[in-house]
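Each remark here refers to the structure printed beneath this line.
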Amino acid sequence: MKGWRSVLLVYGGLLLLSMVATRFQVIVPTAISGSVAPITRIGVVAADNLRRAYTTVVNERNLAGEVGSLRKQNDVLRQRNELLTREVSRLRQVMQITATQAPNALGIAQVVAVDPSPLLARITLNRGTDDGVRVRMPVTVPGGLVGQVTGVSSNRATVVALVDPESSVGVTLQGNRGGRGLAVGVSPDRLRAQFSRSVPVKVGDVLVTSSLGGVYPVGIRVGTIESVLPLGPNDVNRTVIVRPAIDVGVVEDVTILEGL
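Heads up: the sequence shown begins at 49 in our numbering, then just goes up one per residue.
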């Protein structure tokens, strides 16, 4: 009997302890929990939006940096492409000239200056004695003759163009039609050539270099006869005005020939 009493006392003590513990446990009322829930959701949404906005800003900054880097790379590649394109054009020019004008091309030179005087027609090249350039070397482009080298330093060369008053070149009619003449420069952009009265020159005839003077290879285009001056009773030669094949004011790259 005493044993059962002890068990009941222990059971009653445990039950009382459980009731006390449950009574003092903090339980959020349902009304409070319901009113706080929207605020909690707003905070969660706001935090999520802030996180996304920060991620977007970081990504945009990274993308801007990548775009800037790609633009720089694109600029470098474009410059390289332009250089390669120009180099290919130069090589084609040399090949064309060696095939159609003269096989002894020294190489390509770039025009770095043009004489501003309207009475002169002279250009400066970025090649000189260090590159094998010498005085009296012919200078040409695929479209026709430019002139010849008259002055040279270690890294520069001066070229007197055909239309310069101090220039002269032996010419003949294209197509082996005969007739040798001498053309001299006339400011600002023409040549004057003289032929024997017996040479049947006419407007539109193309003049090319002849062996007269021993400076230029034969057969390089010089220009086109623009007008034939009337003959006087005492004239021995026939005079023609020639429009040059090349405008030196717009030439950028030229080919220097070894000469004869």
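Cβ atoms here follow ideal geometry from the backbone N, Cα and C, with glycine treated the same way.
Computed from a prediction, not measured in an experiment: that's the story for all the values here.
Cβ-based burial, residue i [other Cβ within 10 Å; buried from 16]
i	result
D123	exposed
G252	exposed
L255	buried
T103	exposed
M185	buried
I268	buried
R140	exposed
Q121	exposed
L173	buried
T220	buried
S137	exposed
V302	buried
P164	exposed
Q149	buried
E195	It is Gly, not Glu, that sits at residue 195 in the sequence shown. It counts as buried.
R145	Looking at the sequence itself, residue 145 is Ile, so the reference to Arg does not match. By the neighbour-count rule (16 or more Cβ atoms within 10 Å), I145 is buried.
L239	buried
Distance between beta carbons of residue j and residue i, contact taken as under 8 Å
i	j	result
N203	D178	6 Å
V197	V207	6 Å
P166	S235	7 Å
V296	A241	The pair is not a contact, with the Cβ atoms about 18 Å apart (cut-off 8 Å).
I273	V189	The Cβ separation is near 21 Å, so there is no contact.
Within 8 Å, strictly: CB atoms of residue i and residue j
i	j	result
V217	V200	no
I171	A231	no
A157	I304	yes
L193	R228	no
G271	P248	no
R225	R286	no
G233	P213	yes
E300	V159	yes
V288	L277	yes
A205	G176	yes
L125	E306	no
Residues bridged to residue i (per DSSP)
i	result
P35	With the chain covering only 49 through 308, there is no way to say anything about residue 35.
S215	Answer is none; S215 lacks a bridge partner.
P186	Q196
G191	DSSP output for G191 lists no bridge partner at all.
A209	G195
L173	V159 and A205
T220	R228 and V256
A153	L305
For this session: Report the residue ranges of all beta strand (DSSP E) runs contained in full by the stretch 227-306; include only those spanning at least 3 residues, in chain order.
Result: 228-234, 238-244, 254-257, 269-276, 285-292 and 301-305
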